[in-house]
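Data block below; observations after.
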Amino acid sequence: MSIVQTYFDAFNAGDTQAMLDCLTDDVAHHVNEGNVRIGRGKFAEFCAHMDHCYKETLTEMVVFTSSDGTRGAAEYMVNGTYLNSDEGLPPASGQTYRLPAGSFFTLRDGKIARVTTYYNLSDWISQVS
1 MSIVQTYFDA
11 FNAGDTQAML
21 DCLTDDVAHH
31 VNEGNVRIGR
41 GKFAEFCAHM
51 DHCYKETLTE
61 MVVFTSSDGT
71 RGAAEYMVNG
81 TYLNSDEGLP
91 PASGQTYRLP
101 AGSFFTLRDG
111 KIARVTTYYN
121 LSDWISQVS
């Protein structure tokens, strides 16, 4: 099983520590809207915030890995519930959403060194508004 699949299995299990175990200490986390976060500590803070505001499960997952093992990608559907209002976004009241998304990875020494995630924010806002 690829480290990318292990990472997403941990996400779906709600196991942040297992996700962190997939990352290099200096992981670069490129979020869809926002600044790049560097390091596992910053990634853990992001996960805690996300767990407070959202409950998400990823389905229809397709994972790709380059033949040399240095890059990975995944396409999937985010199935979520908006639990608590996130700053600058519409108020939360338990709205559900379904949103296509993708992630891209740099892999180094059997771990994930970069995570870049993309989704259509305006589609999400439309669904929860």
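If you're matching positions, the sequence shown starts at 1 in UniProt numbering and goes up one per residue.
Each residue gets a CB set at the ideal place from its N, CA and C atoms; glycine is no exception.
Note down the Cα distance separating residue i from residue j, rounded to an integer number of angstroms.
{"i": "D123", "j": "H52", "result": "21 Å"}
{"i": "R98", "j": "K55", "result": "12 Å"}
{"i": "M77", "j": "N120", "result": "12 Å"}
{"i": "R40", "j": "Q127", "result": "31 Å"}
{"i": "F11", "j": "E87", "result": "23 Å"}
{"i": "M1", "j": "G80", "result": "26 Å"}
To which residues of the same chain is residue i closer than 6 Å at the C-beta, ignoring the five residues directly before and after it?
{"i": "S85", "result": "P91 and A92"}
{"i": "A18", "result": "A10"}
{"i": "F64", "result": "A73"}
Using the three-state DSSP reduction, which class does residue i fall into: helix, strand or coil?
{"i": "G94", "result": "coil"}
{"i": "S103", "result": "strand"}
{"i": "T70", "result": "coil"}
{"i": "V31", "result": "coil"}
{"i": "V115", "result": "strand"}
{"i": "N12", "result": "helix"}
{"i": "V36", "result": "coil"}
{"i": "V45", "result": "According to the sequence provided, residue 45 is Glu. The question's Val does not apply to it. If DSSP states are grouped into helix, strand and coil, E45 belongs with the helices."}
Can the beta-carbon of residue i be found less than 9 Å from the beta-carbon of residue j?
{"i": "K111", "j": "C22", "result": "yes"}
{"i": "A113", "j": "V27", "result": "yes"}
{"i": "T6", "j": "A44", "result": "no"}
{"i": "Y82", "j": "G69", "result": "no"}
Got a sec? Which residues, its chain only, sit under 8 Å from residue i by beta carbon, not counting five neighbours each side?
{"i": "V31", "result": "R37, F46 and T117"}
{"i": "E33", "result": "L121"}
Skipping 5 residues on each side, what residues in its chain have a beta carbon closer than 7 Å to that of residue i?
{"i": "M61", "result": "F8, A74 and Y76"}
{"i": "H29", "result": "V36, R37, K42, F43, F46 and V115"}
Please decide whether residue i counts as near chain B, where near means a Cβ-Cβ distance under 9 Å.
{"i": "I38", "result": "Going by chain labels, chain B is absent from the structure shown, which holds only one protein chain."}
With a cut-off of 8 Å, do at least 3 Cβ pairs link the segment 93-113 to the segment 62-80? yes
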